[in-house]
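Structure record follows, encoded as structure tokens.
Numbering (the working numbering), first residue to last: 95 to 292.
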């Protein structure tokens with residue numbers, strides 16, 4: 095069986111950050127229940143891309159050490175939350191139920207953010223931790239925002255936090271895109287590193 099190193103963290107980060115922006119937009123606009131279906135496609139796209147990248151990361155550990163836990167597992171949780179939100183919006187169901195699920199994912203992100211900073215993980219531990227904590231708090235505030243949609247303070251605070259998190263995750267993702275093109279320029283996968291048998 096041929097195995098090779100792969101690093102798709104770039105597309106994972108950008109995809110998940112796009113979901114933050116979509117959620118922030120939904121919270122800010124605060125549409126009536128019968129006018130929320132337009133956001134379903136965006137959540138589904140972010141969730142699907144997240145699943146496609148997070149599941150292999152959780153199962154195969156392509157990154158060094160515990161980075162697979164720090165990035166893969168919360169990405170998997172968030173991707174399922176996005177898909178749940180997509181289905182809920184498309185079916186015009188009560189958004190409080192997926193928001194309850196997302197609350198615990200948000201709490202996980204806060205815990206991971208603090209631990210990432212504590213362990214000095216990534217090249218910018220403080221910035222990465224800030225991204226996780228703001229995303230987590232924004233996700234947690236989605237529950238009261240969904241439950242009390244006419245009390246705008248919850249939704250607006252969550253939207254601001256999610257936008258901050260999106261900026262940080264997008265910066266990390268695009269920086270990874272920039273650096274990976276150089277660092278992988280001469281990379282040869284194992285499947286191509288041996289001459290073909292006659």
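C-beta: ideal position from N, C-alpha, C; glycine also.
Note that the stretch 122 to 137 touches the stretch 183 to 193; at least 3 beta-carbon pairs, one per stretch, sit closer than 8 Å.
By the criterion of a C-beta distance shorter than 7 Å, residue 234 is surrounded in its chain by 197, 200 and 201, once the five residues flanking it on both sides are discounted. In summary, residue 123 is exposed, with fewer than 16 beta-carbon neighbours lying within 10 Å of its beta-carbon over all protein chains present. Burial is judged here by how many other beta carbons sit within 10 angstroms of a residue's own beta carbon; residue 273 has fewer than 16 and is exposed. Non-local C-beta neighbours of residue 115 in its own chain, meaning closer than 8 Å and more than five positions away in sequence, comprise 256, 257 and 260, ordered along the chain. Secondary structure at residue 105: helix, using DSSP grouped into helix, strand and coil.
Here the alpha carbon of residue 247 sits roughly 24 Å from the alpha carbon of residue 207. Here residue 270 is not near residue 145, since their CB atoms are 7 Å or more apart. When 281, 276, 128 and 278 are compared, the shortest CA-CA separation from residue 189 is found for 128. Taking 7 Å as the cut-off, the Cβ atoms of residue 237 and residue 193 count as close.
Taking 7 Å as the cut-off, the Cβ atoms of residue 253 and residue 118 count as close.
In the same chain as residue 225, and ignoring 5 residues on each side of it, the C-beta atoms closer than 6 Å to its own belong to 259, 262 and 263, in chain order.
Annotation: the continuous alpha helix (DSSP H) that includes residue 209 extends over 190 to 213. Around the beta carbon of residue 141, 16 or more other beta carbons sit within 10 angstroms, so the residue counts as buried. 7 Å or more divides the Cβ of residue 113 from the Cβ of residue 195.
Shown here for residue 209: not one same chain residue has a beta carbon closer than 6 Å to its own, the five before and five after excluded. Apart from the 5 residues on each side of it in sequence, residue 162 sits with its Cβ closer than 6 Å to the Cβ of 151 and 155 in its chain, given in chain order. In the DSSP assignment, residue 262 falls within the alpha helix (DSSP H) that extends over 246 to 277. Spatial neighbours of residue 106 in its own chain (CB-CB distance under 6 Å, excluding positions within 5 residues in sequence) are listed in chain order as 147 and 169. DSSP, read as helix, strand or coil, puts residue 217 in coil.
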